[in-house]
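Sequential numbering of the first sequence, starting at 174, is according to my numbering.
One structure below.
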Amino acid sequence: MEKKPWSSQEQVVRKGPWTMEEDLILVNYIANHGEGVWNSLARSAGLKRTGKSCRLRWLNYLRPDVRRGNITPEEQLLIMELHAKFGNRWSKIAKHLPGRTDNEIKNYWRTRIQKLINQSNAITVRHSNSSERNFDPVGASTSQIPTSTIDETCCSPISYPGTDQSSTSQMSGVVDIHPHQAVELTSSTNMNFPGNYINPEDFPASFPIVPNENAWIFMEDFWAMPHLLNGD
DNA sequence: AAGCGCGACAACCGCCTGCGA
DNA sequence: ATCGCAGGCGGTTGTCGCGCT
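Printed below as a string of structure tokens:
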């Protein structure tokens, strides 16, 4: 891999949310060259990001086989079982959930399931002397899980800073199954990227971002935009 | 209408491990 | 044997949007 002279003084490391341009650069670079040493990848691609940041972004969001949102009751149950088995070994748990990332599972656990457990503990204290059967989030079957905890969300949209992004919130309660299911995507997208992808420097300086409520895209849509990947 | 609090999630930080020089 | 680097991993924080008051 080509190495360029580079020092921290020459290049300010960017932090914070990734922009669409950065995503495109990273995706195209990996499409062209594959994954490699992340630090040099970041430099070679011209990204002002650390290798770690690039790796995280790729593994958690940009990989074509990553599934986002819509944790099914089966997955929730599996997460509970695996957590009971492995503890906070999120990467281990993630290995049993194809397309799910450790970060997503970790967040899911902390925001949803842990809350459940806390509520359960509170109930346990309150009803410690009663005959009422306490909810056991770890050993519970999905039928025991309050419906409010079952994630009914659709795929989470990717949002970009500076755009008039739609909410990524999942409070609407509307079951909205996105037409591009991740499984379908996985089957139609593989990591053997066909050649002739454009180089990062060929990207327009200002990527055309849809200037309205649709100013975000699903990664499925992202990968379904061959003109962005191969320059058509 | 504005402010506040909360939930959800993206991203960073720091530590640990493995590997090559 | 040890030192440095890169990657992996879990914990934590920051940000944003929504609902409530």
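Just so it is clear, CB atoms sit at the ideal spot from N, CA and C, and this is done for glycine as well.
How many whole angstroms separate the CB atoms of V186 and T223, which I take to be in contact at a CB cut-off of 8 Å?
As a first step, residue 186 must be located in the first sequence, where it is residue number 13. As a first step, residue 223 must be located in the first sequence, where it is residue number 50. Right, their Cβ atoms sit about 6 Å apart.
Curious, which full-length beta strand (DSSP E) runs of at least 3 residues does the segment 222-295 contain?
Entirely contained in the segment 222-295, not one beta strand (DSSP E) run reaches 3 residues.
As assigned by DSSP and simplified to three states, the class of R216:
The count along the first sequence starts at 1 and reaches residue 216 at position 43. Note: R216 maps to helix in three-state DSSP.
Quick check on E248: buried or exposed, where buried means 16 or more other Cβ atoms within 10 Å of its Cβ?
Locating residue 248 in the first sequence gives position 75, where the first residue counts as 1. Flag for E248 reads buried.
For K265, collect the residues of the same chain with a Cβ closer than 8 Å to its Cβ; drop the 5 residues on either side in sequence, then sort them by chain order.
Locating residue 265 in the first sequence gives position 92, counting from the first residue. For K265, where only same-chain residues beyond five positions count, the Cβ hits under 8 Å are L255 and F259.
What are the boundary residues of the alpha helix (DSSP H) that includes E208?
To locate residue 208, count along the first sequence from 1; it is residue 35. Note, E208: premise wrong, no alpha helix (DSSP H); not H, not E.
Nearest neighbour of L251, chosen from I278, K188 and W231 [CA to CA]
Within the first sequence, the letter at position 78 stands for residue 251. The shortest CA-to-CA distance from L251 to any of I278, K188 and W231 is the one to I278.
Rounded to whole angstroms, how far is the Cβ of I198 from the Cβ of L220, which I believe are closer than 8 Å?
Here residue 198 is taken as the residue at index 25 of the first sequence, counted from 1. Here residue 220 is taken as the residue at index 47 of the first sequence, counted from 1. I198 to L220, Cβ: 6 Å. Contact.
Simplified DSSP state of V200, which is helix, strand or coil:
The sequence position of residue 200 within the first sequence is 27, counting from 1. Helix, per DSSP.
Taking 8 Å as the limit between beta carbons, can you name the residues of its chain near H269, skipping five residues before and five after?
In the first sequence, the residue the question calls residue 269 occupies position 96. Correct list, in chain order: L251 and L255.
Quick check on this structure: which residue in S226, P271 and K288 has the alpha carbon closest to the alpha carbon of P237?
By 1-based counting over the first sequence, the position of residue 237 is 64. Measuring from the Cα of P237, the nearest candidate turns out to be P271.
Have a look at N212, L235 and I286 and flag the residue whose alpha-carbon is nearest the alpha-carbon of E194.
Stepping through the first sequence from its first residue, residue 194 is reached at position 21. Minimum Cα-Cα distance from E194 among the listed residues N212, L235 and I286 corresponds to L235.
Drop a sphere of 10 angstroms on the beta-carbon of T274, count the other beta-carbons inside from all chains shown, and report buried for 16 or more, exposed for fewer.
Position 101 of the first sequence, counted from the start, is the residue given in the question as residue 274. Answer is buried; the Cβ neighbour count reaches 16.
Does the beta-carbon of R262, which I'm using as the reference point, lie nearer than 7 Å to any heavy atom of the ligand GDP?
By its list of ligands, the structure shown contains no ligand whatsoever, and the ligand GDP lies outside what it can speak to.
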